[in-house]
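>
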Amino acid sequence: MHQVIELEGVAKRYDSAGAPALGPLTLSVAKGEALAVTGPSGSGKSTLLNLVAGLDKPTDGAVIVAGRRIDQLSEHALAKFRREHIGMAFQFFNLLDDLTVTDNIQLPAQLTGTSRRKAAARAGDLMEMLSIQKHARAYPGRLSGGERQRVAVARALVNRPALLLADEPTGALDTASGHDVRNLLMDLHRAGQTIVLVTHDLTLAEACASRTLHLVDGHVALDSYAQAVR
Amino acid sequence: MSLFGTGAMGRVVRSGVDRRRVQTVVIAVATMMAVASAVVAGSLMVAAAAPFDNAFTKQRGSHITAQFDPAKASAAELAKTGKLPGVAASAGPYPSTSVRPVDRAGFQLPTLTLVGRSGPDGAVDRVDLKSGRWAQKPGEIVLDASLEGPALGIGTPMKTSDAKDAPPLLIVGFAVSASKTADAWAAPAQVDALASKGNPVASQMLYRFDSASTKWQIIADRKKLAASVVPGALLGTQSWLDTKRAADQGAAATVPFVMAFGALGIVMSVITVSSVISGAVGTSLRRIGILKAIGFTPSEVVRAYMAQALIPAVVGIVLGVVLGNLLAVPLLSDTESVYGGVSLSVAWWVDVAVPAAALVVVGLAALIPALRAGRLRTVEAIAVGRTPRTGRGQCAHRAMGLLPLPRPVTYGLATPFTHPVRTLAMLLAVAFGTVAATFAVGLTSSLNAIGTSQDPENRAAVTVTTTKPIEVAPPPPPLVGGDAGDPPPSGGSDAGPPPVENSAASTSKKPKVADPAKVRSAVTSQPGTESYYGKARTEVAVAGISGSIRASLYEGDSRSGSYEMISGHWITGKGQVVVPSRFLERTSTKIGDTVRVTYEKDTATLRIVGESFDTSGSQLEIHADMADFTSAEPSTFLVETKPGVSADDYAQKVAAVVQPLGGDATTGSESGQDGVILIMAAMAVLLTLMLITVAGLGVLNSVVLDTRERIHDLGVCKAIGMSPRQTLSLVLASVAVIGVTGGLLGVPAGYALHHVVMPVMGRAVGTSLPSPVLEVYEPVQLLLLGLGGVVIAMLGALIPAGWAARARTDTALRTE
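Taken in sequence, the protein lines are chains P and D. The numbering of the first sequence is this note's numbering, which starts it at 22 and goes up by one. The numbering of the second sequence is this note's numbering, which starts it at 28 and goes up by one.
#1: Would you kindly report the start and end of the unbroken beta strand (DSSP E) that includes I477 of chain D?
#2: Quick one: what's A314 of chain P bridged to in DSSP?
#3: Spatial neighbours of A654 of chain D within its chain, please: C-beta separation below 6 Å, excluding the five flanking residues on both sides.
#4: By DSSP, does H235 of chain P sit in helix, in strand, or in coil?
#5: Could you tell me whether the Cβ of R449 of chain D comes closer than 8 Å to any Cβ of chain P?
#6: For the stretch 821-828 of chain D and the stretch 743-763 of chain D, state whether three or more C-beta atom pairs, one from each stretch, are separated by less than 8 Å.
#7: Count the other CB atoms, across all protein chains shown, that sit within 10 Å of the CB of P443 of chain D; report buried if there are 16 or more and exposed otherwise.
#8: Any idea what DSSP makes of W161 of chain D, helix, strand or coil?
#9: Is there a Cβ of chain P sitting closer than 8 Å to that of D743 of chain D, yes or no?
#10: Among D:P806, D:A834, D:P396, which has the Cα closest to the Cα of M749 of chain D?
#11: Per DSSP, what kind of secondary structure is T108 of chain D in: helix, strand or coil?
#12: Look at the Cβ atom of A74 of chain P, then the Cβ atom of R103 of chain P, and state whether they are nearer than 8 Å.
#13: Using a 10 Å radius around the Cβ and a threshold of 16 neighbouring Cβ atoms, would you call A683 of chain D buried or exposed?
#14: I want to see whether chain B comes within less than 8 Å of I747 of chain D, judged by CB atoms only; does it?
#15: Quick one: using the 10 Å Cβ neighbour count with 16 as the cut-off for buried, is P554 of chain D buried or exposed?
#16: With 16 as the cutoff for other CB atoms within 10 Å, does Y35 of chain P come out buried or exposed?
#17: Answer with buried or exposed for S136 of chain P, where buried requires no fewer than 16 other C-beta atoms within 10 angstroms of its C-beta.
#18: Between T121 of chain P and chain D, is the shortest Cβ-Cβ distance under 8 Å, so that the two count as touching?
#19: Mind checking the stretch 90-122 of chain P against chain D and listing, in chain order, the residues whose C-beta falls within less than 7 Å of any C-beta there?
#20: Please go through the same chain and pick out, in chain order, the residues whose beta-carbon is closer than 8 Å to the beta-carbon of R634 of chain D, but skip the five residues on each side of it.
#21: How many whole angstroms separate the CB atoms of V6 of chain P and D188 of chain P, which I take to be in contact at a CB cut-off of 8 Å?
#22: For F610 of chain D, report the span of its alpha helix (DSSP H) as first-last.
#23: By the three-class DSSP mapping on this structure, what secondary structure does I598 of chain D have?
#24: Tell me the rounded alpha-carbon separation between A242 of chain P and M109 of chain P.
#25: Check whether the Cβ of G829 of chain D lies closer than 8 Å to any Cβ atom in chain P.
#26: R752 of chain D versus chain P: which residues are under 7 Å apart at the beta carbon?
#27: Do G777 of chain D and A336 of chain D come within 8 Å of each other at the CB atom, strictly closer than that value?
#28: Buried or exposed for T551 of chain D, going by 16 or more other Cβ atoms inside 10 Å?
#29: Short of 7 Å Cβ to Cβ, which residues in the stretch 767-791 of chain D face chain P?
#30: So, are the CB atoms of Y559 of chain D and F640 of chain D less than 8 Å apart?
#31: Rounded to a whole number of angstroms, what is the C-alpha to C-alpha distance between L205 of chain P and A141 of chain P?
#32: So, does the stretch 81-96 of chain P touch the stretch 44-55 of chain D, judging by three or more C-beta pairs under 8 Å?
#33: Hey, out of D:V666, D:F79, D:P435, whose CA is closest to D740 of chain D's CA?
#34: Between the C-alpha atoms of A177 of chain P and L132 of chain P, what's the straight-line distance to the nearest angstrom?
#35: With a cut-off of 8 Å, does the C-beta of G420 of chain D fall near any C-beta of chain P?
#36: Enumerate in chain order the residues of its own chain whose CB-to-CB distance from G65 of chain P is below 7 Å, with the five nearest sequence positions on each side excluded.
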């Protein structure tokens with residue numbers, strides 16, 4: 022099976038004298054897999070996500086995403102890699118308030134040099150798919166939390182990334198909106214999208230993920246895939 | 028103990044200052060540069076506004092300088108005049124006489140008023156000794172500083188006259204009297220010894236009066252003096268008002284220029300400081316909310332944020348005053364020479380008023396947003412950064428997004444609309460910086476054009492003279508725009524005063540003067556001669572003008588040596604005269620009128636055919652054809668050589684012929700720019716650099732604030748794939764529009780300022796300006812100056828843009 026993520030002995034230390042915040046960790050995520058990373062605060066979930074997204078670099082080990090070792094890339098190359106291969110959805114949406122919904126969704130496509138017309142067409146498809154087309158010209162400040170997260174997911178998918186990273190996507194939502202986003206992620210997984218989901222919400226993890234990784238103090242306490250293999 | 032105590036308030040202030048180091052440094056540096064600019068500008072404005080008054084007050088200048096006949100008024104009687112009602116102070120009597128010294132080369136200086144004083148100090152007219160020391164014994168002389176030059180320096184020997192037995196004098200110092208009570212000073216005994224039948228000794232008294240600010244008060248004061256001595260004892264008086272008028276005319280040319288730069292500097296300082304401080308407080312709203320949530324009262328919040336802005340600002344103000352003084356002192360010392368050699372220093376009240384005003388501006392700029400912060404509801408303040416921003420800039424983003432440009436660029440272009448006030452401050456800073464640069468470029472170009480136009484003789488490849496220039500003592504340097512003292516006697520060479528006339532009494536060496544005809548022949552017989560014209564600078568009498576005026580008489584086609592023309596044309600033959608603007612004013616004539624001009628025994632009626640551009644002060648110089656005056660002969664021949672002929676070789680060949688005759692030939696060298704022009708150009712460059720720096724800092728601060736505020740958004744952009752280069756282009760694009768707009772506003776404003784200030788400067792020295800002096804901007808130059816606005820904006824934004832591009836994405840995403 023084609024591996025989208027391969028971590029080889031990856032460790033991350035923020036304090037050279039202290040214990041690593043993560044790892045050493047060796048992990049593979051296959052194409053089409055939906056991995057939920059759970060664990061208490063400080064367990065290393067966000068660190069793992071940042072390393073996979075290329076937002077941070079490991080102290081030791083290699084991070085390979087979509088077949089490319091990204092921990093040795095320059096900032097410029099990382100940015101290019103990210104916009105072509107990774108989509109990200111955040112707990113607090115991180116939409117740009119002064120851009121319309123359409124402009125927010127189009128932005129990553131435009132950064133790759135895609136023409137405005139093509140980017141608009143792709144954004145339109147995604148808005149329709151995620152049922153937010155009626156908000157196309159609205160600004161994020163006018164949308165509900167669930168709608169904003171849908172916009173964020175649409176933005177994450179605009180470049181058809183190999184990997185979707187979702188950091189506590191329901192963490193800032195009410196129950197109904199959270200349910201909405203959960204269904205969305207399940208649909209995406211069913212459609213074959215590789216997903217890494219960081220969450221405290223075990224219900225969300227169970228519903229959306231084909232595999233769960235439970236971290237404690239930077240180490241894997243439970244890997245449902247490994248357990249299944251055993 | 029810390030200024031803000033060791034309690035919670037002190038901790039908040041200290042941590043606020045410490046945490047935002049970049050902003051703290053920017054506040055300190057921007058305030059420092061703004062205050063330094065204001066100190067320099069203010070000092071120059073004060074110096075330019077009243078240079079004579081400053082010097083006069085400092086020296087306790089003489090309101091009335093009176094000459095008494097010592098035979099009719101004894102020293103005791105004169106001393107009593109110092110106690111007359113209304114007399115505030117007096118000094119004297121000092122022996123005074125007139126001398127016309129001869130320098131070591133045998134050339135006579137203009138007639139000097141020599142006063143015997145045992146020292147420079149006194150109750151009135153505390154003479155400023157510029158260099159050397161005071162004359163202590165007979166044989167020593169101190170000259171007015173305006174006479175100092177290559178031929179007259181400390182240690183230079185002179186003779187008191189051209190008489191065979193004239194006593195020697197040694198120059199021991201140079202000094203300045205703001206009241207112009209003398210041209211030279213010596214020990215009293217020396218003055219008595221120099222008196223002769225033609226130049227008797229008079230007793231000079233110097234008075235300060237309680238009331239002497241108007242002409243009528245001076246007349247009344249003079250009457251009192253005259254009445255206090257026997258009739259005929261008061262030989263004459265000199266009013267300080269006349270001296271002031273002449274001195275002010277000298278400084279007048281620089282006043283509009285300094286005022287323009289001063290106003291620019293002060294306005295820019297206020298704008299920059301205001302925007303820096305208000306921006307610093309305005310971007311701390313979330314922290315303010317947290318402080319209020321944990322129990323700070325609104326007034327404590329206001330005080331804390333005022334303090335955070337004021338601490339670096341006060342440091343900047345103190346450093347700015349020091350820097351401003353350091354920069355102003357050399358400029359003022361240059362200005363001294365412009366204003367007649369009187370010492371100038373930074374006015375004490377400028378050093379007090381500028382920091383005080385800066386504190387007020389800083390205080391107000393901090394108070395307004397701090398009050399807003401204090402009034403802000405806690406929940407709203409905490410929500411800053413968490414809740415979506417609404418409103419401003421969204422339409423701009425939508426509109427810019429339609430432009431056919433890369434998305435990061437269009438995103439950056441819309442950014443200025445998010446903070447209209449901050450953008451306006453940045454725009455004003457860039458626009459004023461561009462105004463300063465445009466004005467400075469125009470000013471220096473105009474000054475260069477003036478410098479070039481004032482020395483038309485220098486255009487000649489070779490100058491052949493009937494005397495050897497090395498033997499010629501340079502004339503005393505003229506006061507700027509004012510009287511240059513007595514003009515040199517007629518018949519002299521162009522390079523300086525004429526040789527001493529041969530007289531029975533004179534046995535001093537008479538410089539050899541070559542026969543002009545032989546010199547002309549030497550020029551015409553040279554195969555390398557392309558063209559030439561002869562010239563004599565002399566004195567003529569003009570009907571309707573009392574006394575003599577300077578005239579340049581030309582032989583041959585003198586168009587290559589013509590002055591810039593304000594109107595009309597250069598002389599093309601006999602019967603024509605070109606005159607300066609002041610001549611037309613003084614004689615109430617216009618081009619086409621005729622004037623009667625007398626040179627020695629020749630009188631000619633000449634038609635005014637042109638108005639020359641001449642900034643040589645109040646002295647009039649007319650230009651006419653030598654053929655109108657049969658007795659006139661050229662003293663200089665200005666030669667153009669044929670193409671391919673070396674001017675040096677040509678000059679050597681001609682010199683070999685004319686030197687044995689008493690003449691000489693030299694190649695035309697680039698004349699050094701006039702001192703005043705160089706000083707004004709240097710001032711313009713320094714002030715412009717300061718203003719551009721202030722503008723750049725204004726932009727830097729605004730972009731730092733903007734980048735800090737947007738760092739989370741930038742983090743989002745980077746997280747979704749914006750590369751560092753795209754981030755850089757986003758931030759730079761956000762100031763590009765401001766730079767372009769600032770340039771579009773600043774260039775026409777600077778152009779207009781130049782076209783207002785230059786004619787005012789010209790009028791101050793009594794002339795209109797010809798087109799080559801006024802129309803100095805090339806279209807390409809204006810375009811480049813317009814781009815200068817973009818450069819200022821880009822330079823100011825480069826550091827924060829680089830910082831934004833390098834910022835770690837995960838850190839930026841975590842930033843609230």
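Just so it is clear, CB atoms sit at the ideal spot from N, CA and C, and this is done for glycine as well.
Short version:
#1: Looking at the DSSP string, I477 of chain D is not in any beta strand (DSSP E); the run it does join, the alpha helix (DSSP H), is 447-480.
#2: For chain P, the structure presents residues 22 to 251; residue 314 of chain P sits outside this window and is missing.
#3: The beta carbon of A654 of chain D sits closer than 6 Å to the beta carbons of K601 from its chain, once the five residues preceding and following it are set aside; these are given in chain order.
#4: Shown here, H235 of chain P sits in a strand according to DSSP, grouped into three states.
#5: Output row for R449 of chain D: interface = no.
#6: At 8 Å Cβ cutoff, the stretches touch.
#7: That one is buried.
#8: In the structure shown, W161 of chain D sits in coil (DSSP, three-state: anything other than H, G, I, E or B).
#9: Note on identity: in this sequence residue 743 of chain D is Val, with Asp being the wrong assignment. Yes - at least one Cβ of chain P is within 8 Å of the one on V743 of chain D.
#10: Measuring from the Cα of M749 of chain D, the nearest candidate turns out to be D:A834.
#11: If DSSP states are grouped into helix, strand and coil, T108 of chain D belongs with the helices.
#12: A contact, by the Cβ cut-off of 8 Å.
#13: The residue in question, A683 of chain D, is exposed, as its Cβ has fewer than 16 Cβ neighbours within 10 Å.
#14: Among the protein chains in the structure shown, which are P and D, there is no chain B.
#15: Taking every protein chain shown into account, the CB of P554 of chain D has fewer than 16 other CB atoms within 10 angstroms, so this residue is exposed.
#16: The residue is exposed, with fewer than 16 neighbouring Cβ atoms inside 10 Å.
#17: S136 of chain P is exposed by the Cβ-count criterion.
#18: Cβ-Cβ to chain D under 8 Å: yes for T121 of chain P.
#19: If you check each beta-carbon in the stretch 90-122 of chain P against every beta-carbon of chain D, the ones closer than 7 Å belong to E96, H97, A100, K101, R103, R104, M109, N115, L117, D118, D119, L120, T121.
#20: Only G602, Q603, V604, G619, D620, T621 meet the Cβ criterion.
#21: Absent from the model: residue 6 of chain P. The displayed extent of chain P is 22 to 251, so no value can be given.
#22: 608-614 is the span of the alpha helix (DSSP H), which, as asked, contains F610 of chain D.
#23: Shown here, I598 of chain D sits in coil according to DSSP, grouped into three states, outside any helix or strand.
#24: Straight-line Cα distance between these residues: approximately 25 Å.
#25: Not closer than 8 Å to any Cβ of chain P, the Cβ of G829 of chain D fails to qualify, so no.
#26: Those within 7 Å of R752 of chain D in chain P are H97.
#27: No, they are not a contact pair.
#28: Around the beta carbon of T551 of chain D, fewer than 16 other beta carbons sit within 10 angstroms, so the residue counts as exposed.
#29: Within the stretch 767-791 of chain D, no residue qualifies.
#30: Against a cut-off of 8 Å, the Cβ pair of F640 of chain D and Y559 of chain D comes out as no contact.
#31: Near 21 Å, if we compare the C-alpha coordinates of A141 of chain P and L205 of chain P.
#32: Pairwise C-beta distances place the stretch 81-96 of chain P out of contact with the stretch 44-55 of chain D, as fewer than three of them are shorter than 8 Å.
#33: Among D:V666, D:F79, D:P435, the Cα nearest to that of D740 of chain D is on D:P435.
#34: In a straight line, the C-alpha of A177 of chain P is about 13 Å away from that of L132 of chain P.
#35: Chain P, which has a Cβ nearer than 8 Å to the Cβ of G420 of chain D, makes this yes.
#36: Cβ within range, chain order: A42, L43, L236, G239.
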